[in-house]
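S.K.: Below you will find the structure I want to go over with you.
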Amino acid sequence: MKTKEEIVGNWLVRYTGCQLEEFGELILLTNFNNYVDLFCEQMGVNAADYSHNMRCATARGITIINFGMGSPNAALIMDLLSAIQPKAVLFLGKCGGISEKTHLGDYILPLAGIRGEGTSNDYFPPEVPALPAFMLQRAVSTSLRDRSLDYWTGTIYTTNRRVWEHDAAFKEQLRLTRAMGIDMETATLFICGFANHIPTGALLLVSDNPMTPEGVKSDVSDRKVTSAFASTHVSIGIAALDLLKGDRRTVRHLKYDW
């Protein structure tokens, strides 16, 4: 295999176990196996098996994929998805709240990602902003409002560093960015979506408030957040992508048509 097209077409099948023609034109991305299970339950399809690294399932033209955790995996899945050129990709992730305004279970609709992870530098210079597809984020906003749910907008700081909650200097750096939340994927997904001409958006669930010792995520607190909010999170994502089917919405921004 010499070309990118040959490689990503082969590898998308290898990582997911799904043939290219089996993927929907709309993609939900997640880091969590239970989100894949919730998708299968809500869409009335058999649960995805565990035979491949990236569990996936397809129903009603939407495919959900658990691509794993971290910005390298985020870059990988966006490169692989270029094999099918989906109409839209929506990330359903969790994030830590940086702002004192955010509470557990709040939703953040990112307007931009801060590229603190380094992975995206292999795609564009650091000064290129990590932005979502506006029309996709608008569809997510509509889905939230249809359920009378509020949400925050703002920037998300994306880092490669997993254990930082003890580091006072790093926390001060985060406060200076004025970001709403922190995660390990969003900015990378936006940049790599842009690089691959794939409209990409995100809806993040605040799962912890790691700026204070008592707010750091634990096994117990994560189970509580998942139990209370994960099912709704998935249903919002499905509804947002449903709005994009047919000619009801367009998500391709003019900047993608170079």
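Sequential numbering from 44 applies to the sequence shown in the working numbering.
Where is the CB? At the ideal position from N, CA and C, for every residue including glycine.
1) In chain order, what residues of the same chain have a beta carbon less than 7 Å from the beta carbon of V277, not counting five sequence neighbours either side?
2) What does DSSP give as the partner residue(s) for T101 in the beta ladder?
3) State buried or exposed for K130, treating a residue as buried only when at least 16 other CB atoms are found within 10 Å of its CB.
4) Suppose the cutoff is 6 Å on Cβ atoms and the five residues either side in sequence are ignored; what does the same chain contact list for I120 look like?
5) If you follow the alpha helix (DSSP H) that K47 is in, where does it begin and where does it stop?
6) Going along the chain, which residues of its own chain have a beta-carbon closer than 6 Å to the beta-carbon of T145, five neighbours each way excluded?
7) Excluding the 5 residues flanking I199 on each side, which residues of the same chain have their C-beta closer than 8 Å to its C-beta?
8) Return the bridge partner residues of D251 from the DSSP annotation.
9) Excluding sequence positions up to five away, which residues of its chain have a Cβ less than 6 Å from the Cβ of K298?
10) In three-state terms, what does DSSP make of Y200?
11) Considering only C-alpha positions, which residue in the set L192, A126, Q62 and H95 is nearest to T46?
12) Does the segment 206-220 come close enough to the segment 249-268 to have 3 or more Cβ pairs within less than 8 Å?
13) Using only alpha-carbon positions, find the residue among G148, P115 and Q128 that is nearest to R266.
14) Mind checking who G159 pairs with in its DSSP beta bridge?
15) Please name the residue, chosen from L219, S274, G140 and E68, that lies closest to L286 on a Cα-to-Cα basis.
16) When you compare only the Cα positions, how much space is there between N96 and N76?
17) Any idea if V294 is buried or exposed, counting beta-carbon neighbours within 10 angstroms, 16 or more meaning buried?
18) For the alpha helix (DSSP H) that I281 lies in, which residues bound it at each end?
19) Indicate the three-state DSSP secondary structure (helix, strand or coil) for Y150 in the structure shown.
20) Okay, do the segment 178-193 and the segment 161-170 touch, 3+ Cβ pairs below 8 Å being the bar?
21) Can you tell me whether L179 is helix, strand or coil according to DSSP?
22) Return the CA-CA distance between L133 and R181, expressed in angstroms with no decimal places.
23) Expressed to the nearest angstrom, what Euclidean distance is found between the alpha-carbon atoms of T101 and A176?
24) Residues in the same chain with beta-carbon distance under 8 Å from K20, minus the five sequence neighbours each way, listed in chain order, please.
M.R.: Reading from the atomic positions:
1) Y78, L81, F82, Q85 and L135
2) T106
3) buried
4) F110
5) K47 to T59
6) V249
7) C138, I151, P153, A155, G156, I157, A222, M223, G224, I225, D226, T229, A230, A245 and L247
8) G139
9) Residue placement at K298 cannot be trusted, given a pLDDT of 36 that sits under 50; what the coordinates show is reported in the next sentence. Taken in chain order, the list of residues that qualify is empty.
10) strand
11) A126
12) yes
13) G148
14) T202
15) E68
16) 11 Å
17) Caution applies to V294, whose pLDDT of 49 falls short of 50 and renders its modelled position unreliable; the model cannot decide the point.
18) D262 to D285
19) strand
20) no
21) helix
22) 12 Å
23) 23 Å
24) Nothing can be reported for residue 20: it is not among the residues displayed for the chain, which extend from 44 to 301.
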